[in-house]
Each structure stands twice: as C-alpha cells, then as structure tokens.
Amino acid sequence: MASIKAYESDWAFEARLRRRIRNLILVSVALLISLLFFFPVYLMFSSSFKAEGEIFAIPMHWIPHEFQGFRQYEFAFEETRIERWYVNSLLIAAVQTIATVFFGALAGYGFAKYRFPGRNILFLFILSIMTVPFQILVIPMFVLVNQLGWHNSYEGIIMPGLISAFGVFMMRQFAYNIPDELLDAARIDGASEFSIFWRIALPMLKPAAASLAIITFLFSWNNFLWPLVIAQNRDLVTLPVGLTYFSQSLDREPLWAVAMAVSTMATIPVILLFVFFQRYFIEGMMVSGIKG
Amino acid sequence: MGLVQRRQYNGLLFVAPAVIFFLIFFFYPIIIGFGLSLTDFTLLKPPVWVGLQNYQDLLNDRLFLKSLNVTIGFVLGSTVPVWFISLAMAVLFFQRFPGRELMKVLFFTPLLPSVVVVSVIWKLLLHPSGILSSVIGPIVGQMPIKWLFDLQLSPIMSVVVHDWHIAPFYMIIWLSGLTAIPPELRDAARVDGANALQSFLRVELPLLKPTAVFVAAISTIRAFQGFSIQFVMSPSQGGPLDVNTTLGIVIWKYGFQFFRMGDAAAISVVLFAFILIFTLFQLRLGRSDDFSLS
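Chains as they are written, first to last, in this note's numbering: chain A, 1 to 292; chain B, 1001 to 1294.
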C-alpha cells in the first residue's frame, strides 16, 4: 500500500512539475512578445515627458531623467494648433457617429421589418457599396464635393461619411431579431410606424448601436485620406492631418517630444473607449472587419 | 390594396434617406470615376474625352508600374507573415496561464493609436539616431542605420510597422474562432491519443477555415489600400526613390499634386479591379454570415 501511495504522490508531483514548467514557458513567451508589442506605445508615452535633448539618449532612458511634467503638452498648444485639430476631429466624429447609427438603424429596420417592392434590389445595392474601398472613390468624391461647392468646408469633410453601408447592413441583421408580435401589439394600440421604430425597435437595437457607434467613431477619428485631400484650409485640419504636417517639416527636425505629446493626446479618446467599453469595442471591430 | 400591404410601403420611407444618400455619395461618384478615367481633366478646364488613352499610357508609366511592384510587395509582406503571427498569438492566448489577461492587453495596445500616430512613433524609433539604430547598429557593425532612407530596408519597415499595428486585430478574430470550437471535439481528439499539435492540425485548423478565409480576404483587401504608413513615415511621401509609392500614393500624387485627375481615376479603376478579385474570392469561399452577430 505504501508503495502505491508513494507512486501516486510521485505522479502528482510530476504532474505539478510539468504544469509549472508549462506555465513558465507560456508566461515567458507571452510576456516577451507582449512587451515587444507594447514597447513602441510605451515609448510614445514616456517620450512625451522627456526633454527634447534626451529623446535620442544612448542608452535609452526608460524613465525620463529630466522629467518635464506636462511642459511638452503645453508646448504642443503653443507650437501647433492642436486645440483646433482636436475640436475638428471631435466634431466630425460626433456628427458622423450619430448620423451613421441613426440612419443605419432606420434603414436597417426598414429592410428587416417591411416587405416593399424593390427591397431586395435596394439591399443588394447597399451590400455592393461595402465592397468598394474609399480610396477608389477619392478622386470622383473630390470632384463631386467641389461641384457641390463644399471644398474646404465641414460639409465637405463630413458628408461622404455621414451614413455607412456597413451600418445599414449590421443594423438590419440585428433588427431581424426583434419579435414582430411586439411591433404588432403597438400597432393595435394605434402607434404610428415611426413611433414604433423610435419607442420599441431602437431601444432593442441598443447593444448593436453601441458597437456601431464605437467603430464609427474610431473610423472617423482615425480617418486620414479624405481630410488630407479635402481640408486645405488650416482651420479645418483634423488631428491625423495636423500631426502629419507637424512631423514632416522639411527644413528642420521635428520637435519629437512635442510630436509624442500630440500623439498621446490623439490616442487618449481611443484608450478611454477601449477601457470603458471593451466589449462593444472588440465586438464592433470583429463584426465589421474594420480597424479604424 | 389591403391595409397590411399598404403598411409595407412604409419600409420605403425608412430606407429612403440611406438609399438617396448612397445614390449621391456612392453611385454618382462611381459613374463619374469611370467617366473621368476616359478624359484628361486638371480641375481648371472641363474634361476632354480621350477614350482609353489613359489606360494605354499606364502601360508605359514608370511611376505606375513601379507602384504596382511596390503594392504587390506590400501585399505579400502584410498578409502572409501577419496571418501566422496573429494565429500563433491567438493559440498562445487561448491557453490558460497566470497573467494572461494583462499580457493580452499589452499585446493589444498597438491597435489603439491611429495609423498616422503609429507612423510617427515608428519614424522616431527608426530615426538614424533612434533606439533601433543604436541597439542593432553595433550588432551588424553599421552606425547609424538609416532604416527609412535605405532602398531595401525602407519598404520592409513599412511592412513591419503595418504588421505590428494590425497583428492584434487578427489575433482577436482568430481567438474568437478558436473559442467557437466546441471543447468536446478537442477532448475527443485527446482521448483518442492525439497530442496537442495533432489535435490542433487535425481538429482545430480545419474548423478555423471560415475564420481563415475572413482574415485572408480582409487583410489582402486592406493591404492593396496601403497608403497612410507610406505617406507619413517614408521620406517625401513614398520615397526614397518611390520604393514606398503604393497605388494609393500614386492616386494621391496624380490627383492632388499633379492634378492629373483622369490618370488618377484610371489608376483607381485598376486598383478596384484588383480588390474586386479578392472580394469575389471571399464571397465565394466564405458565406457572409459566417461571423457571429450575437
């Protein structure tokens, strides 16, 4: 009996040991790769607190030696028009997000819950839009916006991204799950079709709307090509465009610490969204296959 | 007409704003895009009809042909390697081990900054006096390393930066594919004596096929649109010597630097053809309802 027990504990010991070794390997590999991926982001953050002179210090300063506090952030406000860029980016993203969610829900609900003539062909039209990336449209869109007299205006930046085909598609998929009985019950009570949408359908679409809102915001916040070509007026410059101009000055080395402060400030809203709405954040990106 | 049938017409009112919007901001631009590609147009004078001349000119256009090469290189570099990196990371993070959630968040961070911010950060990292030059320079015996000014290194760096930025995104997609596989299948394979690798190759990998099609298609379609990293990070927007000039950058240059809108529109049509091939591939291999919407 004793030998069996000893054998058993040997076996348990070995299992535990193997488990420990396995964990150790997994943890070290994962830690190494994670830190490698995290490092550039850390560098952005730490450099924004460095003095300009220690940006290129060798060996690298992991923690700023001449800690600047928020001096570089103050410089960012003096050296650049970041407050304007920020307001522009926020305004554009807010308008596009609200419009995309509202019109997406409206049309998605229409496609899911009504059978009207031409429904399938119109929906196919919406689907086909999703296969055409914006880059292909940028030239004719520029011509169109000029024809409309919207060159160098908020309308020009905002309008092409006001409604997204993906938003319509996504909301339609979710609107299918709304039980018809609920809608019919409201009809019997005499509610109008729009108030049924507004009072019953829209609240039920909230989780999908949250995901759609987050990816739309990210997409708009990070959007680069369109604001780059359409906003020639410096009052209309958005954060990505402003940062590009600032870091590409030809005649002198950019102020790197300031550039990193601007970069950090540009990333803060995204970090906040990620921290507070992680589920919707990740769900939205996965469903859409869109990474802002 | 019955009341119920009449009610169905309300659907038209619901979809009308979106449909009208897309007629103006999608259908119309598509048409004028094709139209412009058949003209000479500089924005200053009305377009002049030239037929297929722009397309013919592209065959001898040095910058366009170069950009085709650059784009194909970028597509290869920013698809295949990133599939394997992201899949390997997904398999890793699928295992249980202490500290997993924290490391997953660390690994995820490259996705948070916008592509422009990412490009600026890496411009600093890859600066001749930057950290990567000072660490790797002594090893290869060359100081400083001009990562972004070297004709061979520079396009590779565009790929590295892109893959670094986007790998966490595909990792999350693979991870959700792995999570969707019923654990019983894995257990059954293990009971039958398969080791971890065999169970992965024979059970999990085949079941990941829809995920693989999705990842392969969207990464390829994205890669064809390579623009921002090359525009912001490489010297003089797509340099040095145009080694980072993707199709996207040529469209921008012809359209908004040289104001040759007709040529730019023709290149857009060519780019559209490439992307369409891969979109059809995705539609063919994977059903569009493969991803979970719950």
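Even glycine gets a Cβ: it sits at the ideal position worked out from N, Cα and C. All of these numbers come straight from a predicted model, not from anything done at the bench.
Checking contacts by CB at 9 angstroms: is B/MET1103 closer than that to chain A? yes
CB contact below 9 angstroms: B/LEU1197 versus chain A: no
Under 9 angstroms, Cβ to Cβ, is there at least one residue of chain A near B/LYS1123? At a cut-off of 9 angstroms between beta-carbon atoms, B/LYS1123 makes contact with chain A.
Exposed or buried, what is B/VAL1004 when buried is set at 16 or more other beta-carbons lying within 10 Å of its beta-carbon? The residue in question, B/VAL1004, is exposed, as its Cβ has fewer than 16 Cβ neighbours within 10 Å.
Chain-ordered chain B contacts of A/ILE158 [CB-CB under 9 angstroms]: Neighbours of A/ILE158 on chain B: none; closest Cβ ~11 angstroms, over 9 angstroms.
Closest by C-alpha distance to B/ILE1121, when choosing among A/PHE246, A/GLY53, A/LEU122: A/PHE246
Among B/ASN1054, B/VAL1115, B/GLU1101, the one whose alpha carbon lies nearest that of A/TRP221: Selection B/ASN1054, B/VAL1115, B/GLU1101 evaluated against A/TRP221 yields B/VAL1115 as nearest (Cα-Cα).
What are the uninterrupted segments assigned as beta strand (DSSP E) that are 3 or more residues long and contained completely in the stretch 62 to 138 of chain A, given in chain order? none
Are B/ASN1010 and B/ALA1266 touching if we call contact CB-CB under 9 angstroms? no
Cutoff 8 angstroms; reference B/SER1199; Cβ partners in own chain excluding five residues on either side: ARG1186, ALA1189, ARG1190
With three or more beta-carbon pairs closer than 8 angstroms as the criterion, would you say the stretch 238 to 245 of chain A touches the stretch 1094 to 1106 of chain B? Too few Cβ pairs lie closer than 8 angstroms, so no.
Can you find a C-beta in chain B that's less than 9 angstroms from the C-beta of A/THR244? yes
A/TRP11 - DSSP class collapsed to helix/strand/coil: Helix.
Opposite B/ASP1040 in the DSSP bridges: which residues? B/VAL1048
Could you round the C-beta distance between A/ALA324 and B/PHE1022 to whole angstroms and report it? I think they count as a contact, below 8 angstroms. The question about residue 324 of chain A has no answer here: the residues shown for chain A are numbered 1 through 292.
Could you name the residues of the stretch 39 to 59 of chain A whose beta carbon sits closer than 8 angstroms to any beta carbon of chain B, in the order they occur along the chain? PRO40, VAL41, LEU43, MET44, SER47, ILE55, PHE56, ILE58, PRO59
Assign B/GLY1077 to buried or exposed, taking buried as 16 or more other Cβ atoms, counted over all protein chains shown, within 10 Å of its Cβ. buried
Buried/exposed call for B/VAL1075, threshold 16 Cβ in 10 Å: buried
Rounded C-alpha distance that separates B/GLY1226 from B/VAL1243: 13 angstroms
For chain B, check one thing: does any of its Cβ atoms lie closer than 9 angstroms to the Cβ of A/TRP221? yes
Quick one: grab the DSSP three-state call for A/TRP150. coil
Quick one: residues in its chain with C-beta nearer than 7 angstroms to the C-beta of B/ALA1264, no 5 flanking neighbours on either side, listed in chain order? ILE1251, TYR1254, GLY1255
Under 9 angstroms Cβ-Cβ, which residues of chain B neighbour A/PRO133? ILE1221, ARG1222, PHE1224, GLN1225, LEU1271, PHE1272, ILE1275
Classify B/LEU1208 as helix, strand or coil using the three-state DSSP reduction. Annotated three-state conformation of B/LEU1208 is coil, per DSSP.
Do the stretch 124 to 137 of chain A and the stretch 1027 to 1034 of chain B meet, that is, are 3 or more Cβ pairs less than 8 angstroms apart? yes
What are the residues of the stretch 1166 to 1190 of chain B that lie near chain E, defined by any Cβ-Cβ distance shorter than 8 angstroms? Annotation note: the requested chain E is absent from the structure, which comprises protein chains A and B.
A/ILE63 versus A/ALA76 - alpha carbon distance: 21 angstroms
So, under 8 angstroms CB-CB, B/GLY1130 and A/PHE125 are touching, yes? Tell me the CB distance rounded to an integer number of Å. At roughly 49 angstroms, the Cβ-Cβ gap does not stay under 8 angstroms, so B/GLY1130 and A/PHE125 are not in contact.
Pull up the distance between the alpha-carbon of B/TRP1295 and that of B/GLY1193, whole angstroms please. This structure leaves residue 1295 of chain B out entirely; chain B is present only between 1001 and 1294.
Could you tell me whether the stretch 1081 to 1098 of chain B touches the stretch 1163 to 1174 of chain B, where touching means 3 or more Cβ pairs closer than 8 angstroms? yes
Assign A/GLN278 to one of three DSSP states: helix, strand, or coil. helix
Which value, in whole angstroms, describes the spacing of the CA atoms of A/PRO179 and B/PRO1182? 29 angstroms
Is the CB of B/LEU1285 under 9 angstroms away from at least one CB in chain A? no
Report the rounded CA-to-CA distance for A/ALA208 versus A/PHE174, giving the unit in angstroms. 7 angstroms
Looking at chain B, which residues of the stretch 260 to 271 of chain A have a Cβ within less than 8 angstroms of any of its Cβ atoms? MET260, SER263, ALA266, THR267, VAL270, ILE271
Among B/PHE1169, B/LEU1012, B/MET1089, B/GLY1238, which has the Cα closest to the Cα of A/GLU283? B/PHE1169
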